[in-house]
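What follows is a single structure, written as structure tokens, with notes after it.
There are 2 protein chains.
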Amino acid sequence: MKSADVVVIGGSAAGAVAAVSCRRRYEGKSVLVIRKEGQVQVPCGIPYIFGTLGSVEKNVIPDALLQNNGVEIVKEEVLEVNREKKTVLLSGGESVGYDKLVMATGSLPITVPIPGADKENVFAINKDANYLKSMLGEINVAQDIVIIGGGFIGVEFADECRKNHACNVTIVEILPHCLQMAMDEEFCIEAESLLPELGVKVCCNQRVETILGDRKVTGVRLSDGRELKADVVIMGVGAIPNIAMAAKAGLQTGKTKAIMVDRYMRTVTDQDIFACGDCAEKVSFFSGSPSAVMLASVATAEARTVGANLFVTRQQNGGEIGVFSTMVGGRAFACAGLTEKAARQEGYDVVVGEAVATDTHPGGMPGAVSTKVKLVFSRGTGILLGGGISGGKSAGEMINVVSACIQHKMTFDEVALFQMGTHPALTASPIAYQIVNAAELAAKAA
Amino acid sequence: MKSADVVVIGGSAAGAVAAVSCRRRYEGKSVLVIRKEGQVQVPCGIPYIFGTLGSVEKNVIPDALLQNNGVEIVKEEVLEVNREKKTVLLSGGESVGYDKLVMATGSLPITVPIPGADKENVFAINKDANYLKSMLGEINVAQDIVIIGGGFIGVEFADECRKNHACNVTIVEILPHCLQMAMDEEFCIEAESLLPELGVKVCCNQRVETILGDRKVTGVRLSDGRELKADVVIMGVGAIPNIAMAAKAGLQTGKTKAIMVDRYMRTVTDQDIFACGDCAEKVSFFSGSPSAVMLASVATAEARTVGANLFVTRQQNGGEIGVFSTMVGGRAFACAGLTEKAARQEGYDVVVGEAVATDTHPGGMPGAVSTKVKLVFSRGTGILLGGGISGGKSAGEMINVVSACIQHKMTFDEVALFQMGTHPALTASPIAYQIVNAAELAAKAA
Chain E
1 MKSADVVVIG GSAAGAVAAV SCRRRYEGKS VLVIRKEGQV QVPCGIPYIF GTLGSVEKNV
61 IPDALLQNNG VEIVKEEVLE VNREKKTVLL SGGESVGYDK LVMATGSLPI TVPIPGADKE
121 NVFAINKDAN YLKSMLGEIN VAQDIVIIGG GFIGVEFADE CRKNHACNVT IVEILPHCLQ
181 MAMDEEFCIE AESLLPELGV KVCCNQRVET ILGDRKVTGV RLSDGRELKA DVVIMGVGAI
241 PNIAMAAKAG LQTGKTKAIM VDRYMRTVTD QDIFACGDCA EKVSFFSGSP SAVMLASVAT
301 AEARTVGANL FVTRQQNGGE IGVFSTMVGG RAFACAGLTE KAARQEGYDV VVGEAVATDT
361 HPGGMPGAVS TKVKLVFSRG TGILLGGGIS GGKSAGEMIN VVSACIQHKM TFDEVALFQM
421 GTHPALTASP IAYQIVNAAE LAAKAA
Chain D
447 MKSADVVVIG GSAAGAVAAV SCRRRYEGKS VLVIRKEGQV QVPCGIPYIF GTLGSVEKNV
507 IPDALLQNNG VEIVKEEVLE VNREKKTVLL SGGESVGYDK LVMATGSLPI TVPIPGADKE
567 NVFAINKDAN YLKSMLGEIN VAQDIVIIGG GFIGVEFADE CRKNHACNVT IVEILPHCLQ
627 MAMDEEFCIE AESLLPELGV KVCCNQRVET ILGDRKVTGV RLSDGRELKA DVVIMGVGAI
687 PNIAMAAKAG LQTGKTKAIM VDRYMRTVTD QDIFACGDCA EKVSFFSGSP SAVMLASVAT
747 AEARTVGANL FVTRQQNGGE IGVFSTMVGG RAFACAGLTE KAARQEGYDV VVGEAVATDT
807 HPGGMPGAVS TKVKLVFSRG TGILLGGGIS GGKSAGEMIN VVSACIQHKM TFDEVALFQM
867 GTHPALTASP IAYQIVNAAE LAAKAA
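Sequence lines, in order, name chains E and D. Residues in the first sequence are numbered from 1 upward in steps of one, following my numbering. Residues in the second sequence are numbered from 447 upward in steps of one, following my numbering.
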């Protein structure tokens, strides 16, 4: 019987990183990744297939990463995990023995149970390459696209779908604003204001009641009775943990219906089985409560923890901070930790600091983009709870500076003295650098 | 007699920020900035005047910052500080009383005592607007420019001087490589390799022995006997603290010939006088020893400490990490903390991790730039000592993530679990994100 010291089920971000990290941490151990996909899609790259990239083939996680690190790949489906025998049964009939098993089975897109959701050309955000290819074919010739859900994925799809051909794109969002689950209202309003320029219509406070058409979708009916034409409908309303295999194997799941793990990413049910990524239950960095937020960057951090802890307990998962970034019409939006609204809901008395400056300096540098940083602190302790940024592309890394400050529970006084580097072509000026100014203004307001 | 609660001498980055921070921290206090300049130049923007910006007027720190924060500006020279009477004497004859005084007199460019250094068209990097205007006039019509010193300023000048007109530019550097004081050799070599494509020649291991010409410079003679034609010579060899006024007032200076201050940026000589920026002595974050590195971003962090501590001791200066970034031929180079070489010189047994990935993902995203991160850790403790980056423009903020990790003495295991956000158009992939991969590889190597 084939066997490996470590068997990883799933080859997307979490599975691949767990495998590589294990090889880095335990050089002598053999690692086998079992996945059903021939090639694995970059999960966060999926919206970009439909515009910037233009093809499914350009959105592939290269297998070289696994091969260069001595990880074996088996491209089959896993039918069953036998915890007593410590084997997994493959679709080809073979069994593979393991010493340690890693569940990295990811998530499945939520399909909203709307009447008509089973019609042709109603797509969910499925990570399967063939599914995405047929979706691309339909989107490329679509005249009227309706996107259900104005979260990051929905907004990114809306922006991308129009890049390669003219079409009508409408986002239908149930909340008052797009992106509202992740960002404070002022950022949502700013991002939304850019969508009409991109030719994207937004219907907020609306629900799709019915998907219209015969065999194939022809439109949707909204909760206010309006009908929108549609030859393609995209459901971008989130994902649920893919835990069928884990459930079959008797692994306990938690409040978010994900596999329950301890602080070391070991399943609470079986000491030889670990879980990471979208299929593993997360806890909030702030409250310690279960969190349903799924992010590839969190999945990979968890996977690195798994890789380190498989044979020796080395690292502890500190809980999910939640760092998001996106682009809307060429402008970057990013956030980390708690929004002002979420912080208040969590019972914090917050103090906020905001600073705006160009992302290069002086302001007359060509291409300078006004960039705003908002930081949210706890009034009592002065500790940083979260931040939001809108502006130039460097916001994608600026939010990681904010994340580092959150992770270290820095206070506004400490953030105000943060030693950043600055350069005319790369950052705001040292005088105006937004993160430290926002912190100093919060200290003033406290 | 005119008076203010706080008088700041000097209106560049340090002076302006100390004034604004004081107003933010102590709303009721009156603050007066005394400076001799009509308009203040952005110090790190100076090389960009000669190419990208094209004019001295576009490189001005706006006075609005001071005005909007209720800071009064007096545009005169200070002749004398009378510590007994707690007054400063202005060039116009007026005296101004203070409760607290802030010395932010900055630095003066080093003029190397080379024979012929007093000839016309031999320029130092002076921050005076009129001086820079005449320098711009000469550079704009120069055929042959020799730059003495291949540090950041020298390399930036070389890159910029050729942007608006064709001319021959040669850097003469005394060390084996350009940028060697700040970056490890491999980054220096990479940056140097880009210079010929920009039409810039580099003569390393060379000293300018004589500056040739009659009244006006016509060339330079190098230590190997070669002569280079030059109608403009630029000396970019560093700066020394401007402490004439402080010395006259009897303020003690330290090993780097800068004003000695305590951990709270108060001068050791006079409890009512603070100092910050290039004129104030710095200590290394790592060793606590005096450091002669001058950076606007350090100056502003010190100035914020001064602003906070003027009337109540609130904040401690943790010592200089030293975070640099620059652009060479459109590629960003950045570093923070100790280089591998400097760490070894300081007596550390180092362990290094390196990771390369594109700055967007997947690699096929248009405009993706291969970006390398090198992290240097102490073997015994695993604590991060420094990092270097070369690659896309987001390196300017990535190095600030590294700085935050240094500031918190994070180990390779902690950096490997850092919760960054990622996005296809803004960062490397969560799998390949360079900072965490470099940390994990260092953990492997340790």
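By construction, the Cβ of each residue, glycine as well, lies at the ideal position given by its N, Cα and C atoms.
- In chain D, no part has a C-beta under 7 Å from the C-beta of residue 179 of chain E; the shortest such distance is about 13 Å.
- Between the stretch 427-442 of chain E and the stretch 516-533 of chain D there are fewer than three inter-stretch CB-CB distances shorter than 8 Å, so the stretches are not counted as touching.
- In the DSSP annotation of this structure, residue 287 of chain E is not part of any beta strand (DSSP E), being labelled neither H nor E.
- Residue 451 of chain D places its beta carbon 8 Å or farther from that of residue 479 of chain D.
- Taking a beta-carbon distance threshold of 8 Å, residue 300 of chain E counts as an interface residue toward chain D.
- Closer than 8 Å to the CB of residue 440 of chain E there is at least one CB belonging to chain D.
- Burial of residue 400 of chain E is indicated by the presence of at least 16 other C-beta atoms within 10 angstroms of its C-beta.
- From the beta-carbon of residue 84 of chain E, no residue of chain D is found nearer than 7 Å; the closest lies around 33 Å away.
- Per the coordinates, the alpha-carbon of residue 650 of chain D lies some 12 Å from the alpha-carbon of residue 634 of chain D.
- Around residue 397 of chain E, the beta-carbon contacts reaching into chain D at under 7 Å are 840, 843, 844, 847, 873.
- In the displayed model, residue 521 of chain D falls within a strand according to three-state DSSP.
- Using a CB distance cut-off of 8 Å, residue 419 of chain E counts as an interface residue toward chain D.
- Minimum Cα-Cα distance from residue 249 of chain E among the listed residues E:212, E:270, E:411, E:430 corresponds to E:270.
- The Cβ-Cβ distance between residue 422 of chain E and residue 428 of chain E falls below 8 Å.
- In the pairwise beta carbon analysis, the stretch 287-299 of chain E is classified as not touching the stretch 826-842 of chain D: fewer than three pairs are separated by under 8 Å.
- In chain E, no part has a C-beta under 8 Å from the C-beta of residue 756 of chain D; the shortest such distance is about 14 Å.
- Taking CB atoms only, residue 736 of chain D has no neighbour in chain E less than 8 Å away.
- At a cut-off of 8 Å between beta-carbon atoms, residue 413 of chain E makes contact with chain D.
- Under the Cβ distance rule, residue 371 of chain E does not count among the residues neighbouring chain D, no pair being separated by less than 8 Å.
- As a beta-bridge residue in DSSP terms, residue 41 of chain E pairs with E:60.
- Residues 835 of the same chain have their beta carbon placed closer than 6 Å to that of residue 844 of chain D, with the five preceding and five following residues left out of the count.
- Nearest CB-CB separation between residue 305 of chain E and chain D: below the 8 Å threshold.
- Under the criterion of beta carbons closer than 8 Å, residue 489 of chain D and residue 546 of chain D do not qualify as touching, at roughly 24 Å.
- Selection E:70, E:234, E:96, E:41 evaluated against residue 120 of chain E yields E:234 as nearest (Cα-Cα).
- The C-alpha of residue 387 of chain E lies about 15 Å from the C-alpha of residue 443 of chain E.
- Excluding its 5 nearest sequence neighbours in each direction, residue 675 of chain D has C-beta neighbours in its own chain below 8 Å: 589, 590, 614, 664, 665, listed in chain order.
- Interface criterion met: the Cβ of residue 770 of chain D is under 8 Å from a Cβ in chain E.
- Counting along the chain, residue 481 of chain D sits inside the beta strand (DSSP E) bounded by residues 477-481.
- For the pair of segments examined, the stretch 337-351 of chain E was found not to touch the stretch 272-279 of chain E: the number of CB pairs separated by less than 8 Å stays below three.
- Counting only unbroken stretches of 3 or more residues, the beta strand (DSSP E) elements lying wholly within the stretch 560-601 of chain D are 568-570, 590-594, in sequence order.
- For residue 332 of chain E, the enclosing beta strand (DSSP E) starts and ends at 331-337.
- Interface flag for residue 206 of chain E against chain D is unset, since no Cβ pair is found closer than 8 Å.
- Every unbroken stretch of the beta strand (DSSP E) spanning 3 or more residues and falling wholly within the stretch 265-323 of chain E is given here in chain order: 273-275.
- Bridge partners of residue 836 of chain D according to DSSP: D:779, D:818.
- Closest in alpha carbon position to residue 172 of chain E, among E:200, E:341, E:163, E:214, is E:200.
- For residue 48 of chain E, the nearest CB of chain D lies under 8 Å from its own CB, placing it at the interface with that chain.
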